[in-house]
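Residue numbering for the sequence shown is 2 to 278, as defined by the working numbering.
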Amino acid sequence: MEERVRAEINSFVTGNPANRLAGGEGPYFDQPLIGFAGIDDPLFSAYKEIIGDFHLTPREIFSAAFGAEPAGGTVICWILPIAVAARKSNRDQAEYPSRQWSLTRTHGEALNGMLRRHLVDWLTAEGARALAPQYADTWRELPETPKGRASTWSERHAAYAAGLGTFSLNDGLITAKGIAHRCGSVVTDLVLPPSPRSDRGYADNCLYCREGSCGACIGRCPVGAISFAGHDKNRCCEYVYTTIPAAVAAEYAVTATGCGLCQTRVPCESGIPRGRR
Ligand code: SF4
Ligand code: SF4
2 MEERVRAEIN SFVTGNPANR LAGGEGPYFD QPLIGFAGID DPLFSAYKEI IGDFHLTPRE
62 IFSAAFGAEP AGGTVICWIL PIAVAARKSN RDQAEYPSRQ WSLTRTHGEA LNGMLRRHLV
122 DWLTAEGARA LAPQYADTWR ELPETPKGRA STWSERHAAY AAGLGTFSLN DGLITAKGIA
182 HRCGSVVTDL VLPPSPRSDR GYADNCLYCR EGSCGACIGR CPVGAISFAG HDKNRCCEYV
242 YTTIPAAVAA EYAVTATGCG LCQTRVPCES GIPRGRR
């Protein structure tokens, strides 16, 4: 069943006519990375300390949606690596994201949403119960928490639990296909073997966090939201959700622009940087 789940996600993304940048410049996303975390993985309880007590466990989300506790289950997670055309165009940007990057943020993310819904339907047809936390009644965005803007479910933290990458100085998730991606997840009572997680540390793929070098993302941020002390989430969000859309959303004809300057023209853009390792 594990292989069938992987094949379903892969074929939905790679064979989807919606996975095309306008203008024939290639796909939004390359082949996905896929991982599984157990529904009762202790990391999800730990997130209540690490992120905040508002962050829900997959068991809480599932039980609220279906009115019953699952006997067991899985969080199915994926990474959709942003294809080279959008990454390349964003490398030359210094203030605002490129058109291709913003199209990926709007239309590529719509495809990511289609994948969440498709996988729920597919699992249901297979006899399992499933839901996408992002679309559950329990999902909420919290604009102000002690850790800045947050929500009741973090796709990146789920992907970390599923062994798909580690965190970074700029608060991204560096995966085997790099930091430039969109990610998603579905919670199900289908039991699948959990994917292995690196035991090297929660930010081991980031050169600065691992060996104190790099810091390239710091110089890429036009508003100084990254420093060796970390990522200023509030400053970043103000720029990404207010300043950039006001400047380019109408010109690009998109509803969300993203930014991603700190995810392109950096050593972790499309893979795990080797450093001194
Ligand atoms: S650019 Fe360097 S310091 Fe910044 S997240 Fe990537 S590896 Fe880490
Ligand atoms: S996403 Fe943009 S604003 Fe936010 S830290 Fe990265 S470069 Fe700075």
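All C-beta atoms in this analysis are idealised placements derived from N, C-alpha and C, irrespective of residue type, glycine included.
Determine the extent of the beta strand (DSSP E) in which cysteine 184 is found, giving its start and end residues. Element bounds for cysteine 184: 182-189.
Can you tell me whether serine 199 is helix, strand or coil according to DSSP? It is coil, neither helix nor strand.
Let me make sure I understand the geometry here. Which of Pro18, Ala66 and Cys215 has the alpha-carbon closest to that of tyrosine 136? Taking only the C-alpha atoms, the option nearest tyrosine 136 is Ala66.
Report the option in Lys178, Gln32, Pro59 and Gln94 whose CA atom is closest to the CA atom of threonine 189. Threonine 189 has its Cα closest to that of Pro59, out of Lys178, Gln32, Pro59 and Gln94.
Anyone know if the C-beta pair for glutamine 94 and alanine 181 falls short of 8 Å? Not a contact, by the Cβ cut-off of 8 Å.
Confirm the yes/no value for this check: CB of valine 267, any heavy atom of ligand 1, distance under 7 Å. Valine 267: yes, Cβ under 7 Å from ligand 1.
Alpha helix (DSSP H) segments (min. 4 residues) lying fully within the region 86-169: Runs found: 100-104, 110-126 and 156-162.
Residue ranges of each alpha helix (DSSP H) run of no fewer than 4 residues wholly in the region 202-270, ordered along the chain? Qualifying alpha helix (DSSP H) stretches, in chain order: 208-212, 217-221 and 234-239.
Cβ shell of proline 197 (< 7 Å), same chain only, five flanking positions each side left out: Taken in chain order, the residues that qualify are Gly164.
Do alanine 160 and isoleucine 80 have their CB atoms nearer than 8 Å? Yes.
Quick one: is the Cβ of isoleucine 80 within less than 7 Å of any heavy atom of ligand 1? Answer for isoleucine 80: no, Cβ out of range of ligand 1.
Ligand 2 and valine 187: does the residue's C-beta get closer than 7 Å to at least one heavy atom of that ligand? No, Cβ of valine 187 sits at least 7 Å from all heavy atoms of ligand 2.
Leaving aside the five residues before and after alanine 87 along the sequence, list all residues of the same chain whose C-beta is less than 6 Å from its C-beta, in chain order. Closer than 6 Å at the Cβ level, and outside the excluded window around alanine 87, lie Gln101, Trp102 and Thr105.
Write down the C-beta distance between leucine 143 and glycine 231 rounded to the nearest angstrom, noting that I regard them as a contact closer than 8 Å. At roughly 20 Å, the Cβ-Cβ gap does not stay under 8 Å, so leucine 143 and glycine 231 are not in contact.
State the beta-bridge partners of proline 59 as determined by DSSP. Paired residues: none, contrary to the question.
To which residues does DSSP link threonine 15 through a beta bridge? Bridge partners of threonine 15: none, in fact.
Member of Cys210, Phe63, Met115 and Ala8 whose CA lies at the smallest distance from the CA of isoleucine 40: Ranking Cys210, Phe63, Met115 and Ala8 by Cα distance to isoleucine 40 puts Phe63 first.
Is DSSP giving leucine 44 helix, strand or coil here? Collapsing the DSSP output to three states places leucine 44 in a helix.
Endpoints, the beta strand (DSSP E) within which proline 82 is located: Unbroken beta strand (DSSP E) run through proline 82: 75-82.
For threonine 75, count neighbouring Cβ atoms within 10 angstroms of its own Cβ and tell me buried if that reaches 16, exposed if not. Burial call: buried.
Which class does alanine 72 belong to by DSSP, given the choice of helix, strand or coil? Alanine 72 sits in coil when the DSSP states are folded into three classes, being neither helix nor strand.
With distances taken from CA atoms, which of Cys260, Phe229, Asn17 and Cys78 is nearest proline 223? Per the Cα distances, Cys260.
Beta-carbon contacts of arginine 21 that lie in its chain and below 8 Å, excluding the five residues immediately before and after: The beta carbon of arginine 21 is closer than 8 Å to those of Gly27, Pro28 and Tyr29 in its chain, skipping five residues each way along the sequence.
So does the region 268-276 actually touch the region 115-126, counting three or more Cβ pairs closer than 8 Å? Result no; under three Cβ-Cβ pairs closer than 8 Å.
Mind checking whether aspartate 42 and alanine 151 have CB atoms under 8 Å apart? No, the pair does not count as a contact, with Cβ atoms beyond the cut-off.
Let me make sure I understand the geometry here. Which of Pro82, Phe168 and Thr107 has the alpha-carbon closest to that of tyrosine 209? Distances from the CA of tyrosine 209 to each of Pro82, Phe168 and Thr107 were compared; the closest alpha carbon is that of Phe168.
If I follow the unbroken beta strand (DSSP E) through phenylalanine 30, where does it start and stop? From DSSP, phenylalanine 30 is part of no beta strand (DSSP E); its letter is neither H nor E.
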